[in-house]
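Have a look at the structure below, then the notes.
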Amino acid sequence: AVHLLWRLHHRMALISPKLGEMIAFRKVMDAIPSDSAVDEASIEAIVQSQGYKLKYIPDAIIKNKGPLNLKDFIKQRRRIQNGHLWLKKKQNYEVSSQDMGTLVKVVLKEIREYPSTAFKVVAVMALEAFCRLLGSFDFYVKKKNPFAWDIARSTKNLHH
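FYI, in our numbering the residues of the sequence shown are 6 to 165.
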(Lines of atoms letter the chains of each structure in order from A and count residues from 1; the text may use other names and numbers.)
(Lines give C-alpha, C1' and ligand atoms only; values in the text may rest on other atoms or scores of the structure.)
Protein backbone atom coordinates (compact mmCIF):
# COMPACT_ATOMS: atom_id res chain seq x y z
CA ALA A 1 0.00 0.00 0.00
CA VAL A 2 2.78 2.43 0.93
CA HIS A 3 4.73 1.94 -2.32
CA LEU A 4 1.56 2.37 -4.36
CA LEU A 5 0.73 5.61 -2.54
CA TRP A 6 4.25 6.92 -3.17
CA ARG A 7 3.93 6.02 -6.85
CA LEU A 8 0.61 7.88 -6.99
CA HIS A 9 2.19 10.87 -5.23
CA HIS A 10 4.97 10.79 -7.83
CA ARG A 11 2.37 10.88 -10.61
CA MET A 12 0.58 13.71 -8.82
CA ALA A 13 3.77 15.74 -8.46
CA LEU A 14 4.36 15.43 -12.20
CA ILE A 15 1.01 17.23 -12.70
CA SER A 16 1.21 19.63 -9.77
CA PRO A 17 4.56 19.86 -7.94
CA LYS A 18 4.30 19.23 -4.21
CA LEU A 19 6.79 18.99 -1.40
CA GLY A 20 7.53 15.66 0.19
CA GLU A 21 10.27 13.73 1.90
CA MET A 22 13.21 15.70 0.49
CA ILE A 23 13.04 19.43 -0.04
CA ALA A 24 15.43 22.30 -0.57
CA PHE A 25 14.35 25.91 -0.49
CA ARG A 26 15.53 29.46 -0.10
CA LYS A 27 15.08 30.78 3.43
CA VAL A 28 11.73 32.55 3.16
CA MET A 29 10.55 31.92 6.72
CA ASP A 30 11.84 32.06 10.25
CA ALA A 31 10.00 28.93 11.35
CA ILE A 32 7.44 26.34 10.36
CA PRO A 33 4.19 26.82 12.29
CA SER A 34 4.79 24.97 15.55
CA ASP A 35 1.28 23.54 15.55
CA SER A 36 1.49 22.00 12.05
CA ALA A 37 1.32 18.22 11.76
CA VAL A 38 2.32 18.40 8.08
CA ASP A 39 5.61 20.26 8.00
CA GLU A 40 6.40 19.81 4.29
CA ALA A 41 2.92 20.97 3.29
CA SER A 42 3.22 24.00 5.60
CA ILE A 43 6.54 24.87 3.98
CA GLU A 44 4.91 24.42 0.57
CA ALA A 45 2.18 26.91 1.55
CA ILE A 46 4.72 29.46 2.79
CA VAL A 47 6.99 29.12 -0.25
CA GLN A 48 4.07 29.60 -2.65
CA SER A 49 2.67 32.52 -0.64
CA GLN A 50 6.05 34.25 -1.15
CA GLY A 51 5.55 33.99 -4.91
CA TYR A 52 8.02 31.15 -5.48
CA LYS A 53 7.20 28.17 -7.66
CA LEU A 54 7.57 24.54 -6.65
CA LYS A 55 9.72 22.31 -8.81
CA TYR A 56 9.56 18.55 -8.73
CA ILE A 57 12.65 16.55 -9.68
CA PRO A 58 11.18 13.24 -10.91
CA ASP A 59 14.49 11.38 -11.17
CA ALA A 60 15.61 12.16 -7.61
CA ILE A 61 15.93 8.98 -5.55
CA ILE A 62 14.82 9.21 -1.94
CA LYS A 63 14.89 6.22 0.40
CA ASN A 64 12.11 6.46 2.92
CA LYS A 65 10.65 3.84 5.21
CA GLY A 66 6.90 3.62 5.32
CA PRO A 67 4.71 1.86 7.86
CA LEU A 68 5.03 -1.92 7.94
CA ASN A 69 1.64 -2.71 9.42
CA LEU A 70 -1.95 -1.61 8.97
CA LYS A 71 -2.19 0.05 12.38
CA ASP A 72 0.78 2.34 11.68
CA PHE A 73 -0.41 3.02 8.12
CA ILE A 74 -3.82 4.16 9.36
CA LYS A 75 -2.25 6.19 12.17
CA GLN A 76 0.04 8.01 9.73
CA ARG A 77 -2.53 8.63 6.98
CA ARG A 78 -5.14 9.75 9.54
CA ARG A 79 -2.73 12.30 11.00
CA ILE A 80 -1.80 13.57 7.56
CA GLN A 81 -5.45 14.10 6.60
CA ASN A 82 -6.07 15.95 9.85
CA GLY A 83 -2.96 18.06 9.20
CA HIS A 84 -4.09 18.90 5.67
CA LEU A 85 -7.45 20.10 7.00
CA TRP A 86 -5.62 22.20 9.62
CA LEU A 87 -3.42 23.63 6.85
CA LYS A 88 -6.46 24.60 4.80
CA LYS A 89 -8.04 26.34 7.79
CA LYS A 90 -4.95 28.02 9.29
CA GLN A 91 -2.81 28.75 6.24
CA ASN A 92 -5.61 28.87 3.65
CA TYR A 93 -3.75 26.33 1.53
CA GLU A 94 -4.85 23.07 -0.01
CA VAL A 95 -2.31 20.45 -1.09
CA SER A 96 -2.75 18.89 -4.53
CA SER A 97 -3.52 15.48 -3.04
CA GLN A 98 -6.77 16.95 -1.67
CA ASP A 99 -8.00 17.77 -5.19
CA MET A 100 -10.40 15.04 -6.34
CA GLY A 101 -9.90 15.83 -10.04
CA THR A 102 -6.15 15.32 -9.77
CA LEU A 103 -6.65 12.16 -7.71
CA VAL A 104 -9.00 10.65 -10.30
CA LYS A 105 -6.57 11.45 -13.16
CA VAL A 106 -3.66 9.89 -11.28
CA VAL A 107 -5.57 6.75 -10.27
CA LEU A 108 -6.95 6.20 -13.79
CA LYS A 109 -3.48 6.61 -15.30
CA GLU A 110 -2.10 4.09 -12.79
CA ILE A 111 -4.79 1.54 -13.68
CA ARG A 112 -4.31 2.08 -17.43
CA GLU A 113 -0.55 1.61 -17.10
CA TYR A 114 -0.76 -1.35 -14.70
CA PRO A 115 -4.17 -3.00 -15.29
CA SER A 116 -3.24 -6.07 -13.24
CA THR A 117 -3.02 -3.86 -10.13
CA ALA A 118 -6.55 -2.42 -10.51
CA PHE A 119 -7.91 -4.39 -7.54
CA LYS A 120 -4.98 -3.32 -5.35
CA VAL A 121 -5.41 0.32 -6.41
CA VAL A 122 -9.12 0.22 -5.54
CA ALA A 123 -8.38 -1.46 -2.18
CA VAL A 124 -5.68 1.08 -1.28
CA MET A 125 -7.93 3.97 -2.32
CA ALA A 126 -10.69 2.55 -0.08
CA LEU A 127 -8.19 2.35 2.80
CA GLU A 128 -7.04 5.92 2.09
CA ALA A 129 -10.68 7.09 2.04
CA PHE A 130 -11.20 5.40 5.43
CA CYS A 131 -8.10 7.12 6.84
CA ARG A 132 -9.27 10.47 5.49
CA LEU A 133 -12.65 9.93 7.08
CA LEU A 134 -10.96 9.25 10.43
CA GLY A 135 -8.70 12.29 10.05
CA SER A 136 -11.69 14.46 9.15
CA PHE A 137 -13.57 13.14 12.18
CA ASP A 138 -10.59 14.02 14.39
CA PHE A 139 -10.43 17.53 12.94
CA TYR A 140 -14.11 18.49 12.69
CA VAL A 141 -15.68 16.52 15.54
CA LYS A 142 -12.90 15.96 18.07
CA LYS A 143 -11.28 19.36 17.25
CA LYS A 144 -7.94 17.57 17.41
CA ASN A 145 -4.66 18.85 16.00
CA PRO A 146 -2.00 16.12 15.98
CA PHE A 147 1.00 18.47 15.73
CA ALA A 148 2.66 16.36 18.43
CA TRP A 149 1.74 12.98 16.99
CA ASP A 150 1.84 9.42 18.15
CA ILE A 151 4.74 7.94 16.17
CA ALA A 152 4.11 5.14 13.68
CA ARG A 153 6.83 2.92 15.20
CA SER A 154 7.31 0.63 12.20
CA THR A 155 8.59 3.61 10.16
CA LYS A 156 11.53 3.99 12.55
CA ASN A 157 12.90 0.43 12.65
CA LEU A 158 15.54 0.50 9.91
CA HIS A 159 16.67 -3.12 10.31
CA HIS A 160 13.84 -4.67 8.25
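Idealized CB from N, CA, C, for every residue including glycine.
Legend entry - Continuous alpha helix (DSSP H) stretch holding Ser47: start and end: Residue mapping note: residue 47 aligns to position 42 of the sequence shown, counting from 1. For Ser47, the uninterrupted alpha helix (DSSP H) run begins and ends at Asp44 to Ser54, by DSSP.
Inset, instruction - Using only alpha-carbon positions, find the residue among Ser159, Lys149 and His8 that is nearest to Ser41. - result: Along the sequence shown, read from residue 1 onward, the residue named residue 41 stands at position 36. Considering only alpha carbons, the answer is Lys149.
Inset, instruction - Provide the residue span of the alpha helix (DSSP H) that contains Glu133, from first to last. - result: Locating residue 133 in the sequence shown gives position 128, counting from the first residue. Note, Glu133: alpha helix (DSSP H), Ala123 to Tyr145.
Inset, instruction - Could you check the C-alpha separation between Ile20 and Lys58 for me, to the nearest Å? - result: To locate residue 20, count along the sequence shown from 1; it is residue 15. To locate residue 58, count along the sequence shown from 1; it is residue 53. Rounded to whole angstroms, Ile20 to Lys58 spans 14 Å at the Cα level.
Inset, instruction - Name the two residues that bound the continuous alpha helix (DSSP H) containing Phe78. - result: If you number the sequence shown from 1, residue 78 lands on position 73. Counting along the chain, the alpha helix (DSSP H) containing Phe78 begins and ends at Leu75 to Lys95.
Inset, instruction - Along the alpha helix (DSSP H) that carries Lys114, what are the first and last residues, could you check? - result: The count along the sequence shown starts at 1 and reaches residue 114 at position 109. Met105 to Glu118 is the extent of the alpha helix (DSSP H) around Lys114.
Legend entry - Buried or exposed by the 16-neighbour rule on C-beta atoms within 10 Å, applied to Ala134: Taking the first residue of the sequence shown as 1, we reach residue 134 at position 129. Ala134 should be labelled exposed.
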